[in-house]
Each structure stands twice: as structure tokens, then as C-alpha cells.
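Worksheet: the structure to be examined is printed underneath.
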Amino acid sequence: MPYSEDDLLPLSALQHLLFCPRQCALIHIEQAWQENLFTAQGRLMHERVDQTGRESRKDVKIEYGMPLRCLRLGLIGKADVVEFHKMDSEGGWRPFPVEYKRGKQKKENWDKVQLCAQALCLEEMLGRAVPAGALFYGKNRRRQDVLFSDELRRESEDAALQLHELIAAGRTPAPVYTKRCDSCSFYELCLPRLLEKKRKVESYLDQAYELDSQKFCFYVLKYCLPKHMDKIQ
């Protein structure tokens with residue numbers, strides 16, 4: 014069942030979710046935002062390419078800042094660039110989304126999932142297959158072609174569903190510290206090390222209390238109850 018217009022969530026939130034569910038909740042549930050050098054550089058890069066416009070280069074038409082929407086996945090957003098490649102054999106133009114990123118290529122699929130979700134939006138909007146796209150990384154100024162395989166499409170669909178479930182629950186997940194927390198703009202707001210230690214202490218106290226309760230019950234059953242039964246007899 015497709016989502017309504019009121020239920021559409023930002024397409025960019027998929028990358029936030031896959032990077033860190035807590036970061037995603039801080040941004041999209043608690044409406045918090047923290048900027049550091051990395052996010053500022055990324056924002057400036059997107060501002061340069063997100064301005065709506067178009068141009069043509071031989072057999073390629075280019076749309077900048079193209080609005081996107083997918084009711085099936087409940088997503089809305091904007092593509093940095095969509096190239097339309099002329100198809101000689103079939104006629105018409107094939108969409109080819111290009112997403113700009115500040116850093117460099119990642120081992121994880123976060124960026125690919127976001128790009129694939131853009132392709133799914135384009136397929137629903139235009140009724141035309143979008144088999145591939147590209148990621149452009151500003152740090153090394155390299156363009157990585159991405160094939161939208163069935164596996165990547167399922168991963169993007171699953172991420173969209175998880176995003177809607179997270180937002181609908183309205184709860185911010187507890188912090189879990191990893192190395193990537195150190196470069197996160199939300200580090201000072203999130204306090205992953207401090208809150209994780211607090212949670213571990215609380216867990217230790219709960220376990221200690223449960224253990225003491227078990228010891229008390231064992232003591233009662235072994236020593237107190239038999240003596241009490243002897244008096245009754």
C-alpha cells in the first residue's frame with residue numbers, strides 16, 4: 014500500500030539511518046542539528062550542484078536539483094544531478110542519477126543505498142527503468158559507477174521501511190560507541206562514551222540486584238524455611 018503525501022520522509026535520511034540510527038533519530042525525531050567541518054564542506058558542495066537548472070551535451074541532457082518522490086517507499090527529496098542518456102536502439106532518454114559526496118568511497122553501502130533509492134523514485138515518476146547511476150566523491154574527485162542490482166534494490170527498500178518504523182516509534186535509540194563517532198558532528202550532543210558507560214553501570218547494578226535477590230531466595234529456601242517447617246511440625 015503506497016504512503017500518503019503527509020507520510021513522506023526525506024530521502025537523505027536513509028544515509029543517516031545506515032550510518033547511525035541514533036543520529037537519524039536526533040535529526041528527524043528530535044529535530045536537532047550539529048555542524049562540523051565535514052558537514053559544512055558537504056553542505057557547500059551540495060549547494061553548488063543542487064541549484065535547479067538544465068543543460069545539454071551532445072547525447073546527454075542534464076537536470077540539476079531534480080525533485081524526487083516515491084509513494085511506494087514513502088520518500089521525497091532531490092537529486093543532485095540526473096543525466097538523461099539518449100538511447101539509439103530504443104529511442105527516448107534513460108535516467109542516470111549522480112549523487113555528490115564530500116569524502117571518499119566507503120566500504121559500506123550507505124551511499125549506494127541512497128543513490129539506489131533515487132533510482133527507485135525516478136522509475137516510479139517516469140515509468141522508465143534506471144539500471145545504474147554514479148557517486149562523485151569530492152575528496153579524490155572520482156566518479157564511481159553503481160549498478161542497481163536486485164540485492165541493492167532490496168537493501169534500499171528495507172532501509173526505507175526501517176526509517177518509517179524508527180520515525181513512527183518516536184524513540185531515539187541509546188548510543189553505541191564506534192570509531193566513526195569521533196568524526197560525527199553530533200558527538201558533543203550524543204555523548205556516546207559517557208552514556209554508554211552509564212548504561213553499563215546501570216546494567217551492572219541491575220545484575221547485582223538480581224544476583225543478590227537470588228542469593229536471598231536461596232538462603233531462605235535452604236536455611237530459614239526448613240527451620241520454620243520444623244517448628245510447625
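Under our numbering, think of the first position of the sequence shown as 14, with each following residue one higher. Glycine included, each C-beta is placed from N, C-alpha and C at the ideal position.
Query, Result
"With DSSP collapsed to three states, give me the class of F32.", "helix"
"What is the residue span of the beta strand (DSSP E) that Y77 lies within?", "V73 to C83"
"Name the DSSP bridge partner or partners of W106?", "K99"
"If you drop the 5 nearest sequence neighbours on each side, which residues of the same chain put their C-beta closer than 6 Å to that of K74?", "F97"
"Using the Cβ count rule (16 or more neighbours within 10 Å means buried), how would you classify R193?", "exposed"
"Tell me which same chain residues have a C-beta within less than 6 Å of the C-beta of E68, skipping the five on either side of it?", "I75"
"How many angstroms separate the CA atom of E168 from the CA atom of V126?", "7 Å"
"Are the CB atoms of Q175 and Q118 within a distance shorter than 8 Å?", "no"
"Using the beta-carbon count (16 or more within 10 Å), is G105 buried or exposed?", "exposed"
"Under the three-state reduction of DSSP, which class applies to K117: helix, strand or coil?", "coil"
"Would you call the segment 177-187 in contact with the segment 137-152, where contact means no fewer than 3 C-beta pairs closer than 8 Å?", "no"
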